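In this note's numbering, the protein residues as written are 72 to 251.
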Amino acid sequence: MITPEDAALAAFFGPITPRFLREAVWSIFVTRYTNYALVTVMMWDMFLTFPMEVELIWSSRTGLLKIIFLFNRYVTPAVLGVNIWALTGQAKGLTSTVCVLLFFKDVGTKRLRLLTTDLICTVIVSLLIAIRLWAWYELSTRSLYLLLFVWLASFAAALTFMAQDLWMSLDDIVHIASVN
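Shown next, in the form of structure tokens:
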């Protein structure tokens, strides 16, 4: 008997062949363990630099860069944590309906939620890197223009890759606990 989840998978991905399954499982494996490694490095960095953060950031006056820094420092790990939780395969109670509610929110014909937050985090991280590089190059106007160009190009690339998910039909989202 074909379940609705099987029918949705077949409609979205086409025929499910052994090769397709091997590639899907490998992609999940690589994504999962890359995320684990990157979050581990990020948490290690946060732990090592926390005393400097308290000294330099917390005592400074509130401004745009401080807000961006703190958003990046604390919201980005939270978003990554939710993404990793959803990808572990150990998330209790995670169903197709919960995936839709967690990762998407209907806004007309577009879907937003964690995808939007992921994009904002990506933009902020790349902006902070560009600002650090600009300071490293002694606030040169020439390097500012180059960095702004590279930052805008990376923003456009991230937006292009993430935007395709905004127009995905919510009926196509299926959570399969045994695979995920």
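Positions of the beta carbon are idealized from the N, C-alpha and C atoms, including for glycine. These numbers were taken from a predicted model, which means no experiment stands behind them.
Non-local C-beta neighbours of Ser214 in its own chain, meaning closer than 8 Å and more than five positions away in sequence, comprise Leu204, Trp205 and Tyr208, ordered along the chain. Linking Val153 to Asn106 through their CA atoms gives a straight-line distance of about 11 Å.
Leu135 sits in a helix when the DSSP states are folded into three classes. Taking C-beta atoms as the reference points, Val146 and Cys192 count as a pair closer than 8 Å. In the displayed model, Ser130 falls within coil according to three-state DSSP, outside both helix and strand. Residue environment analysis places Ser197 among the buried positions, since at least 16 neighbouring C-beta atoms fall within 10 angstroms of its C-beta. Looking at the backbone, the Cα of Trp129 and that of Trp97 are separated by about 43 Å. When Phe118, Ser211, Ser131 and Trp156 are compared, the shortest CA-CA separation from Arg144 is found for Phe118. In the displayed model, Leu210 falls within coil according to three-state DSSP, outside both helix and strand.
Here the alpha carbons of Leu230 and Ile202 stand approximately 20 Å from one another. Using a 10 angstroms sphere on the CB of Leu218, the tally of other CB atoms reaches 16 or more, which defines it as buried.
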